[in-house]
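Counting along the sequence shown from 1, when you hit position 171 you're at 172 in the numbering used here, and nothing is skipped either side. No residue lacks a Cβ here, since even glycine has one placed at the ideal position from N, Cα and C. I have placed the structure first, in the form of C-alpha cells, so that the comments after it can refer back to it.
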Amino acid sequence: MESSIEQAGLAGILEKIKSGTRLSLEDGLQLYQCQDILALGYLADIVRYRKNGDNAYFIYNQHINYSNICTNLCKFCAFGKDKESSLAYEMSVEEVKEKVRQRLDEPITEIHMVGGIHPDLPFVYYLDILRGIKEVRPEVHIQAFTCVEIAHLADLAEKPVDETLEMLKEAGLGSIPGGGAEVFSPRIRKLTCEKKLSGHDWLEIAKIAHRNGLYTNATMLYGHIETYEERLEHLDALRCAQDETNGFLAFIPLAFHPKNTEMSEISGTSGINDLKNMAVARLMLDNFPHIKAYWVMLGPKLAQIALSFGADDMDGTVKEEVITHMAGAETEQAIGSGTLVRLIREAGRTPIERDTLYNIINRP
Ligand code: V47
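Shown next as C-alpha cells:
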C-alpha cells in the first residue's frame, strides 16, 4: 500500500501521520484533491487505529425533536418551518414525556433532543422538558440543544451563557450535540443561513460549555456550495478550539440532503465524496477522539464502509429521525442494535455499546 501512497504523492503526509505531526491546511487540500480513495482510507485508518484500536462504537439512543418551528429558516434545511406553516408542530411537555414513556421497555441510555429556534416558547419550557424526561427516565443521559439553541436560550433567560448552562444542567442536561455548526465560513452562512448564530459564536458557546463541564460534539454540513478550502477552515477552527478546551467528544460529518429544501437544485453527495470527507476529517482533527459515521445520512452500508475510512462510531438506534428524512433521506427511521453489531463485526471491528461519554456499557 505504501507504494501507492507514494504514487499518489502522499509520502510526505504519510511520514507526518506516522510521526504524529499535525497536518497543515495545504496537506488537507492535497488530501481532498487526491483521486486515490484507497490511499486516503489507508492514511485515515492509521489514525483511527491509533486512537481507538479495533473498537467501533454505537449507542442505544432515542431522538426527540420537540418543535420544528424556527425563525432561522436556513436554505439547506427542510425541517424548520414558519410558525404559520401547516406543517409546523410543537410538543407539549406531556407529549415529550409520552415519547419517552413509549420506549421505556428499550435499554435506551441517551436521548438526543433538538429543535428549531422557536419565536415564543419561554425559557421555562426548555427546563420543563428536561425535567419531564428525567422524571420518566431518571437514568437517561440527555444530549440536547445545539449551540445555536443554547445562544437562544441564554437570550430568553436573560443570563450569560455559563449561568444558562448551569440552569439547564440542574434541570437534567448532560451534554450538547454537534448540530448547527454547518460551515463556519461567513460566505457560506450569508448564502445559506444568514439569520443563524455565526460560526465564531457557535465555537464560543461550545468552549463555554466545555469550561463549564459539559462535553459537546461538532458537525460540518458538507456537499452543497462550500469549497474544500472552506471545509478545511472549518476543521481547523474546530481543531484550534479543541486544543483550548478538549471538550469535543466526536465529529460528525453531515452529508447534505437536498430534497424539500431551498437548495434542492443541488444533487446529494456521492459515496466517494462522503468517504473522502470522512478520511480528511479523521486526519485533520488529530485531537478529536471519535469520528462518527452517522448511518441515517450515509445509509448503513456506506457507514459500514466508513469504518475503514477513519470512522470509529456508527451513532445509534435513533428512531423517529426527522431532520434528514424531511430532506429526503431514504434510510430507515431506526436500526436495531443487532444490525449495528453485525455491520460492525463484518467490517472487522469489535462492536462496543457505549454511553454518551464513551464509557463501555456492553461488548456484545
Ligand atoms: O443542525 C439540516 C443538519 C443537523 C440538513 O451530535 C442537514 O452526535 C443534511 O446535528 N441535510 C442535525 N443535514 C443533526 C445533527 C446530529 C446528528 C446526529 C448526531 C449528532 C451528534 C448530531 O443536521 C442540523 C444541520 O446541521 N441539517 N438540514 C440537510 N438537508
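Asked: Under the criterion of a Cβ to heavy atom distance below 7 angstroms, does THR220 qualify as lining the ligand V47?; Found: yes
Asked: Exposed or buried, what is THR193 when buried is set at 16 or more other beta-carbons lying within 10 Å of its beta-carbon?; Found: buried
Asked: Pull up the CB-CB distance for ASP244 and ILE209, whole angstroms please, since I reckon it's below 8 angstroms.; Found: Going by Cβ atoms, the distance from ASP244 to ILE209 rounds to 16 angstroms, so no, they are not a contact pair.
Asked: Should GLY181 be listed as close to the ligand V47, given that the test is whether its C-beta is under 7 angstroms from any heavy atom?; Found: yes
Asked: Out of CYS35, GLY181, GLN34 and GLY339, point me to the one whose CA is closest to VAL115's CA.; Found: GLY181
Asked: Taking just the CA atoms, how far does THR22 sit from LYS170?; Found: 37 angstroms
Asked: Under a three-way DSSP split, which group does GLY133 fall into?; Found: helix
Asked: Return yes when the Cβ of VAL184 is within less than 8 angstroms of the Cβ of GLY29, no when it is not.; Found: no
Asked: Alpha helix (DSSP H) containing GLU1: first to last residue?; Found: The chain is shown only over 2 to 365; residue 1 falls outside these bounds and no answer can be derived.
Asked: Under the rule that 16 or more other beta-carbon atoms within 10 Å means buried, what is GLN8, buried or exposed?; Found: exposed
Asked: Check the DSSP bridge columns for MET221 and list the partner residues they point to.; Found: PRO254
Asked: Please confirm whether any heavy atom of the ligand V47 lies closer than 7 angstroms to the CB of MET168.; Found: no
Asked: Please state whether DSSP places LYS277 in a helix, a strand or coil.; Found: helix
Asked: Within 10 angstroms of its Cβ, does PRO373 collect 16 or more other Cβ (buried), or is it exposed?; Found: Nothing about residue 373 can be reported from this structure: the residues present for the chain run from 2 to 365 only.
Asked: For ARG49, count neighbouring C-beta atoms within 10 Å of its own C-beta (all shown protein chains included) and say buried if the count is 16 or more, exposed if not.; Found: buried
Asked: When the Cα atoms are used, what is the spatial distance from LEU105 to ARG138?; Found: 8 angstroms
Asked: Relative to the C-alpha of ASP121, which residue among ILE109, ILE70 and MET2 is closest?; Found: ILE70
Asked: Any contact between the stretch 231 to 241 and the stretch 46 to 61? By contact I mean 3 or more CB pairs, one from each, below 8 angstroms.; Found: no
Asked: Considering only the alpha carbon of each residue, which of THR357, GLY349 and HIS201 lies closest to GLY54?; Found: GLY349
Asked: Quick check on the DSSP output: what are the complete alpha helix (DSSP H) runs of length 4 or more inside the stretch 88 to 134, in order along the chain?; Found: 94 to 102
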